[in-house]
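There are 2 protein chains.
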Amino acid sequence: MASSSDHASNELALARQKEVLARPMTETRMLANAVRALSIDGVEAAKNGHPGMPLGMADVATVLWTKFMKYDAADPHWADRDRFILSAGHGSMLLYSLLHLTGYENMSINDLKAFRTLGSTTAGHPERHEHPAIEMTTGPLGQGISTATGFALAEKMLAARFGKSLVDHRTWVIASDGDMMEGVSHEACAIAGHLALNKLTVLYDDNSISIDGGTEIAMTDDVVKRFIGYGWAARRIDGHDPAAIEDAIKWAMRSRKPTLIACKTIIGFGAPHKAGTSGTHGSPLGTDEAAGAKALLGWTAPPFTVPEDILTPWRAAGAKGAAPRRAWLKRMASSNRRAEFDAAMASELPAAYADAMDGLRAKIAETKPNIATRQASQMALEAIVPVVPEMVGGSADLTPSNNTFVKSMGTCVPGDYAGRYVHYGVREHGMATTLNGLALHGGIIPYGGTFFVFSDYCRPAIRLAAISKARSIFVLTHDSIGLGADGPTHQPIEHLASFRAMPNVLVLRPGDAMETAECWDIAMHHKDGPVLLVLSRQAMPALPRDHGAENLSARGGYIVKGATGARRATLIATGSEVSIAIKAQAMLAAEGIGVAVASVPSFELLARQDHGYRMEVLGEAPRIGIEAASGFGWERLLGDSGTFIGMHGFGASAPEADLYKHFGITPEATVAAVKAKL
Amino acid sequence: MASSSDHASNELALARQKEVLARPMTETRMLANAVRALSIDGVEAAKNGHPGMPLGMADVATVLWTKFMKYDAADPHWADRDRFILSAGHGSMLLYSLLHLTGYENMSINDLKAFRTLGSTTAGHPERHEHPAIEMTTGPLGQGISTATGFALAEKMLAARFGKSLVDHRTWVIASDGDMMEGVSHEACAIAGHLALNKLTVLYDDNSISIDGGTEIAMTDDVVKRFIGYGWAARRIDGHDPAAIEDAIKWAMRSRKPTLIACKTIIGFGAPHKAGTSGTHGSPLGTDEAAGAKALLGWTAPPFTVPEDILTPWRAAGAKGAAPRRAWLKRMASSNRRAEFDAAMASELPAAYADAMDGLRAKIAETKPNIATRQASQMALEAIVPVVPEMVGGSADLTPSNNTFVKSMGTCVPGDYAGRYVHYGVREHGMATTLNGLALHGGIIPYGGTFFVFSDYCRPAIRLAAISKARSIFVLTHDSIGLGADGPTHQPIEHLASFRAMPNVLVLRPGDAMETAECWDIAMHHKDGPVLLVLSRQAMPALPRDHGAENLSARGGYIVKGATGARRATLIATGSEVSIAIKAQAMLAAEGIGVAVASVPSFELLARQDHGYRMEVLGEAPRIGIEAASGFGWERLLGDSGTFIGMHGFGASAPEADLYKHFGITPEATVAAVKAKL
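Going down the list, the protein sequences come from chains A and B.
Mapping the first sequence onto the UniProt record's numbering, position 329 (from 1) lands on 329, and the numbers just tick up by one.
Mapping the second sequence onto the UniProt record's numbering, position 74 (from 1) lands on 74, and the numbers just tick up by one.
Structure below.
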């Protein structure tokens, strides 16, 4: 479809391609052609993939990787390397080709041949867990360019903390039209512009082609104008002119603002017939077109072969960073900040952390505060943040509601990155991608707040954190109908279930101040995935539980208060509903009916306990689940004969107490449910 | 916190407020003060709510509602009324005050007094189901302004179909800084600009205040520049100058582009001390400040009282639309398109629809195609679209993958809205809000396609459709690891569970071409909420089921093929995994083990069946569930003793067949699971 627009793009592109190819051959184009040839070969061998972008952006990437980017292929873990993010992750063969050509380990020709097959390092889209030089997993459009804000901010913050001699690197992004159309790019790039993250450069593959046809069928907004509106510097260049590319990158490196370089390229550059069409985007060129492209580019080597005279300069480029790396290692060796720097990069908690947590626990055990868990979270942050300098906080413009600010952090402002609190604005998704970037960069333990219901806006980024094992911490307050009169649009119902279903996400919903401290403690030790702290707006009493040294929440679930006499039922609840269970327990006890109350702050952690422990908690007696949310998935805890007390549709606008009563989530309803089982 | 910035805003605002109040009194300000007084009273009575925005935007809203907007308070259902969307939904008292003042039914003074209480029409945020003059539910920022694109597009399309004498109205939006910061505003406003929806006007409450403090702490991007980049016309005005407001609205009504009017206002206008601060945003002014504001505004009437000389001109404004409405009714009565128009607005399916569906079923029954369900969906669309002119399709730049385009629809392009297919670009969220707007406007049955995994991007809009009962249809293809080599970022795992947990969403995952036709038929009859059609990339055989006239999928689940001999287990599967169950059934039958196969295209619809039917389908024998997705929530069907065969983490990049084998979702694994139960 959209063939007429595609056809016009094609004719123009072929004419322009002819003009570009008629230009004198440069070393850059010769080197770039190696990227093109390998990308063609990878996609042809896999029989699927996306050749168009690697062919189009090869010149730009080659200039960047051979002349400007600071990296040493011998050590992908070098902390002061430049970060490269392929936001247009479908063009993964571009990245794999670059890694192979520059000489990274575990990116051999055989790895390229295994593109898109099970167990290869060369997945369809770049996967962070497959190779250390893949800075982040990309593929869902908009995520790479938006996570880059976090990478660039991490550099600024660490430079402010450790000084430029230890931290001084840049963040480079290759982004596509799709990245630009995604809303999250608006949020995160506005943040980057506001914070003047001038070491961030986006190389925008402005190829005028989308899957449905030429971009003019849907995308007529002016990207350059938009970014200038964000406080970026932006310019347009011919993406096939090495001199123009060099010039623009030098300009970007001098800029005091983040920079966008819109590179006018031809998608599928080199393809004799398909260049400039959506046909090259997501399908192999096919044998004839692939052969034709190589002929046109003057590439005569057999498939998956790079002639020595091309490979040598590529390998030299990959080793150019060795000297700066050695110099950096030397500076590091002689620095009195070395241990601190290493600990930060390894996310090791300082010794003072344990003391702070013990102190917090003791204080809560003593005062037994009747407060909202969002306030308890503030208490925890007041204890933790001063002793963990890696902690960077923020909120999507709900600071007074999320209780996320600790005074001693200071505020991060444009040009001064020593402050550790970020005002993200009403940009939940951009905040989430920034958290991911801060976490993936290393050296930072990021958390950010919003209302739990707006986790929906963050969801693509939370999923990517889960896939990438990024330890972003989300402080999600106002977690149920308990928020009251703001009504259905603000009351989470399905959100707990929706994240419990997502792999590698740790969902924690504490039921009082002590559990909140414990959940923060769990989060501080959880390094391999995102943590969601789900917190109440409303106050709740301290639970009548053991206040010893053990982190009971870390088991996922535990008996808060056992039954008096025989255990005739088990009330299983989370968060603010544990108090309801405790009240019901007392009412039942008054009638001589013994029931146990189990608090389950985390389904995931409870599932990891052994069968015996789980049965101890859940009990053999009839089970009643109480949660002011959708019951979807509660069968896992309640079994066939359980009863769920919770929400069965959306909420309503009214004071909190009226809502709990209206929806029947009360001690009285719990008592009735127990009696119905006896 | 951020008190210094707030303080500065406050001083400036108070000085400016003084200047504004010193201007000669106008009728507009007198009328606007009624909005202000009622808004103050509502929030004070509820003891919570958001007075700042109503006070700030009262002048703008008053000019719009008394001089320009086309509506008749006597008939909120008038099809050719202008649509008004309060994107900044937290300022709900502004809207309720306007509805009361202009004389709408069910918006009495008592309703205003009941603000934010259970069962009132005046919820914390405007809820569409509470009052017919509330065009859409708002509250989650970004949604209103972005849904407006759909409202404005619906008008253009209906005008193209029925002519300007029947359809000629405008869409007005009041939006806040938060709306502007949200990414979805970028997507949807770029669509509106691209499509030149010139009857859309956004009145932007440019008050420079966010919850965390002055907007300069986070939002320094140039909104006007950005919108001009989208192809909008934009200008800035003094939001407290009635003449300037009038002038700008006239300018907007002449524009050939969508228009943004940035209204510089003072949040909390009138509050003697708090004006210009975030303190007025989300909390009552308090008794003294409220009294002080009324004094400053010269408002002497008691709370919840509007003097006759103010109410009379307001009521006159509310009745101004009566004459144009009568004229429209007259034109409608004499139009030969009347029946067609009424049917479209009522979403009644034409007689030809049933024939088309019967024909489709007959064709599938005869040919038993072995195709992907996304291709079967294309077949269904080819049958339905030509006979249902209300159908408007589109895709977020995945048309060839989503199989959503039917040639006879034509394409919707800027300036010509007769085409019924929209290229949304890579803007899943903006597409979703546009679908919601098309649906909520009426007269259109919208559907839009993307990959199922990118439903994450659409989630806030899908939730709002569910709350608002908007019948947006989402065509979500590439629904599992079955999409193959694109890998984990593209493979949905938790998405089925996450939507099954969301209230009022109908999730349909058909298992062959016939079920796909049936699911489309269900969607076409489902008027009160969003429908998600979850479709495969990969082909699957026609199921060996009854091909009679009954829509078996409408029951949510049914026995595809019963057991030979005694039913020793039930295999329960959805979508592409039903075929796996059928294969396992045959393998078991060869060993003399009889099992039944149940297909469950919809958990929600099955849950609505009576207990007897459900037990017939699910059976008393051991149950094995098979779905290439998270098993979260499957306990509901499988019970304590069931076994789930599916995904237990994220996917991987490899050809489809390798993945199914790797993750153990195979007929062999199913056979083994059954044998383990015997």
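We treat Cβ as the ideally placed atom computed from N, Cα and C, and that holds for glycine.
(Q) Between B:G124 and chain A, is the shortest Cβ-Cβ distance under 7 Å, so that the two count as touching? (A) yes
Q: Would you identify the three-state DSSP class for A:M1, choosing helix, strand or coil?
A: Legend: pLDDT at A:M1 = 41, less than 50; position of this residue unreliable, no value from coordinates given.
Q) Under a Cβ-count criterion, where at least 16 other Cβ atoms within 10 Å of its own Cβ denotes burial, should B:L297 be classed as buried or exposed? A) buried
Q. Distance, Cα to Cα, B:T404 vs B:S468?
A. 25 Å
Q.
Cutting at 6 Å between CB atoms, please list the residues of its own chain near A:G282, excluding the five before and the five after it.
A. H50
Q) Any beta-carbon of chain B closer than 7 Å to the one on A:E135? A) no
Q) Residue range of the alpha helix (DSSP H) that B:P54 falls in? A) G52 to V63
Q: Examine chain B for any beta-carbon lying closer than 7 Å to the beta-carbon of A:V202, and answer yes or no.
A: no
Q: Determine the burial state of A:H611: buried for a count of at least 16 other Cβ atoms within 10 Å of its Cβ, exposed for fewer.
A: exposed
Q: For the region 587 to 606 of chain B and the region 554 to 571 of chain B, state whether three or more C-beta atom pairs, one from each stretch, are separated by less than 8 Å.
A: yes
Q) Closer than 7 Å, CB to CB, is A:S3 near chain B or not? A) Because the pLDDT of A:S3 is 48, which lies under 50, any placement of that residue in the model is unreliable, and the question is left without a value.
Q) Count the other CB atoms within 10 Å of the CB of A:A123; is the residue buried (16 or more) or exposed (fewer)? A) buried
Q: Kindly indicate if chain B contains any beta-carbon less than 7 Å away from that of A:M57.
A: no
Q: Quick one: give me the first and last residue of the alpha helix (DSSP H) that A:V326 is part of.
A: Sequence inspection shows Arg at residue 326 of chain A; the Val mentioned does not correspond to that position. Taken as a continuous stretch (DSSP letters only), the alpha helix (DSSP H) holding A:R326 covers A322 to A333.
Q: Return the bridge partner residues of B:I209 from the DSSP annotation.
A: B:G214
Q) CA-CA distance, B:S146 and B:V202? A) 10 Å
Q. Beta-carbon separation of B:I626 and B:I580 under 7 Å?
A. yes
Q: Evaluate contact between the region 70 to 83 of chain A and the region 163 to 177 of chain A, counting only Cβ atoms and requiring at least three cross-stretch pairs below 8 Å.
A: yes
Q: Determine the chain A residues that contact B:H194 at a beta-carbon separation under 8 Å, and present them in chain order.
A: A218, M219, T220 and D221
Q | Inter-residue Cα distance where the pair is B:L588 and B:T564 | A | 10 Å
Q. Roughly how many whole angstroms lie between the Cα atoms of B:A461 and B:T433?
A. 6 Å
Q.
Quick check on DSSP: helix, strand or coil for A:L659?
A. helix
Q: Give the single residue among B:E216, B:M219, B:L195 and B:A233 whose Cα lies nearest to the Cα of A:E216.
A: B:L195
Q.
Just to confirm before moving on: does the CB-CB distance between A:I493 and A:A629 stay below 7 Å?
A. yes
Q. Should A:G448 be labelled buried (16 or more other beta-carbon atoms within 10 Å of its own) or exposed?
A. buried
Q: Can you give me the start and stop residues for the alpha helix (DSSP H) that residue 679 of chain B sits inside?
A: Only positions 1 to 678 of chain B appear in the structure, and residue 679 of chain B is not among them; the question remains open.
Q: Identify, in the order they occur along the chain, each residue of the same chain with its Cβ nearer than 8 Å to the Cβ of A:K274, setting aside the five sequence neighbours on each side.
A: N10, G268, T280, L285 and E289
**Q.** In DSSP terms, what A:T171 is bridged to
**A.** A:R83 and A:L200
Q) Measuring CA to CA, which of A:F603, A:T121 and A:T265 is closest to A:S108? A) A:T121
Q.
Within a Cβ cutoff of 7 Å, which residues of the same chain sit near A:M181, ignoring the five residues on either side of it in sequence?
A. M219
Q) Grouping DSSP H, G and I as helix and E and B as strand, with all else coil, what is A:S92? A) helix
Q.
Ignoring anything shorter than 3 residues, give me the beta strand (DSSP E) runs that lie fully in the region 324 to 410 of chain B, in order along the chain.
A. 391 to 395
Q: Look at the alpha carbon of B:L98 and the alpha carbon of B:I481, and state the distance between them as a whole number of angstroms.
A: 52 Å
Q) Distance, Cα to Cα, B:K199 vs B:P258? A) 6 Å
Q) For the region 378 to 409 of chain B, which residues have a beta carbon sitting closer than 9 Å to at least one beta carbon of chain A? A) S395, A396, D397, L398, T399, P400, S401, F405 and K407
(Q) For the alpha helix (DSSP H) containing B:V671, name the first residue and the last one. (A) P667 to K677
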